[in-house]
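Down below is the structure, laid out as structure tokens.
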Amino acid sequence: SQQGEEDPQALSIQEGENATMNCSYKTSINNLQWYRQNSGRGLVHLILIRSNEREKHSGRLRVTLDTSKKSSSLLITASRAADTASYFCATVQTGANNLFFGTGTRLTVIP
Amino acid sequence: DAGVIQSPRHEVTEMGQEVTLRCKPISGHDYLFWYRQTMMRGLELLIYFNNNVPIDDSGMPEDRFSAKMPNASFSNLKIQPSEPRDSAVYFCASSRGTPYSNQPQHFGDGTRLSIL
Numbered sequence: 045s046q047q048g049e050e051d052p053q054a055l056s057i058q059e060g061e062n063a064t065m066n067c068s069y070k071t072s073i074n075n076l077q078w079y080r081q082n083s084g085r086g087l088v089h090l091i092l093i094r095s096n097e098r099e100k101h102s103g104r105l106r107v108t109l110d111t112s113k114k115s116s117s118l119l120i121t122a123s124r125a126a127d128t129a130s131y132f133c134a135t136v137q138t139g140a141n142n143l144f145f146g147t148g149t150r151l152t153v154i155p
Numbered sequence: 426d427a428g429v430i431q432s433p434r435h436e437v438t439e440m441g442q443e444v445t446l447r448c449k450p451i452s453g454h455d456y457l458f459w460y461r462q463t464m465m466r467g468l469e470l471l472i473y474f475n476n477n478v479p480i481d482d483s484g485m486p487e488d489r490f491s492a493k494m495p496n497a498s499f500s501n502l503k504i505q506p507s508e509p510r511d512s513a514v515y516f517c518a519s520s521r522g523t524p525y526s527n528q529p530q531h532f533g534d535g536t537r538l539s540i541l
């Protein structure tokens with residue numbers, strides 16, 4: 045069964061706006077990863093945040109992690125049409141050696 | 426570096442036929458993962474290998490499914506006999522080290538399988 049739930053399921057914004065996606069999970073984790081999937085393609089790793097980190101940046105991406113609330117958020121600033129994709133969070137549970145993927149957020153950026 | 430290569434990209438076959446999906450991981454990666462993606466169940470891990478050895482196959486749905494990794498450059502996933510409910514997109518991913526050791530996975534573009 046899936047570990048994470050993304051919210052919202054779908055998000056539509058104008059180019060230039062910021063997009064925020066949230067992920068909630070159920071058990072303690074070692075790290076949390078965000079992936080992007082373009083239509084008809086495989087998943088692409090975006091960013092990884094360890095359980096002892098609270099915030100991480102990579103280019104226009106900002107990820108936060110709140111282990112007390114078992115939640116994470118992905119912020120994409122100054123969105124572009126090319127950011128249109130599905131975004132998945134994936135957790136590595138403490139003691140486990142594989143990824144559990146969430147349900148995904150479908151982001152549409154309107155030019 | 427070439428990415429993870431999967432073949433075929435699309436497969437349409439009739440129920441009862443054997444299906445073979447193929448994967449070439451990134452050179453130097455010692456972990457290989459097979460996933461299945463459907464609208465209903467999302468992305469599910471089927472099996473993963475470390476240094477060509479199957480480590481966890483608890484996600485393989487039934488005995489009709491089998492996976493092998495004869496060498497570091499190749500893995501295949503077989504379904505025999507295939508059923509319509511096996512229709513999905515199957516992904517292969519590889520990594521240098523485990524997710525627990527903070528290593529990202531690199532995915533192929535998947536095989537879209539349709540069983541009629």
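Residue numbers (my numbering), protein chains in the order written: chain W, 45 to 155; chain E, 426 to 541.
Backbone N, C-alpha and C define an ideal beta-carbon position, used for all residues, glycine too.
Quick caveat, the model's predicted, so the values are computed rather than measured.
Inset, instruction - Measure the CB-CB distance between V136 of chain W and N75 of chain W and report whether it falls below 7 Å. - result: yes
Inset, instruction - Just the C-alpha distance for N496 of chain E and M465 of chain E, rounded to the nearest angstrom, thanks. - result: The straight-line gap separating the alpha-carbon atoms of N496 of chain E and M465 of chain E is approximately 33 Å.
Inset, instruction - Using a threshold of 7 Å, state whether the C-beta atoms of I93 of chain W and V153 of chain W are closer than that. - result: no
Legend entry - Closer than 7 Å to chain W by CB, G522 of chain E: With 7 Å as the cut-off, G522 of chain E does not count as an interface residue toward chain W.
Inset, instruction - Could you check what DSSP says for A513 of chain E in three-state terms: helix, strand or coil? - result: strand
Inset, instruction - Evaluate T463 of chain E with the Cβ neighbour count: other Cβ atoms within 10 Å of its Cβ, from every protein chain shown; 16 or more gives buried, anything less gives exposed. - result: exposed
Inset, instruction - Decide if L541 of chain E is buried, meaning its Cβ has at least 16 other Cβ atoms within 10 Å, or exposed. - result: exposed
Inset, instruction - Measuring alpha carbon to alpha carbon, tell me which of W:R150, W:L151, W:G146 and W:T138 ends up nearest N527 of chain E. - result: When only C-alpha atoms are compared, the closest one is W:T138.
Inset, instruction - Report all residues from its chain with a CB closer than 6 Å to the CB of E99 of chain W; omit the five preceding and five following residues, and keep chain order. - result: T108
Inset, instruction - Kindly indicate which three-state DSSP category D127 of chain W falls into: helix, strand or coil? - result: If DSSP states are grouped into helix, strand and coil, D127 of chain W belongs with the helices.
Inset, instruction - With DSSP collapsed to three states, give me the class of P495 of chain E. - result: strand
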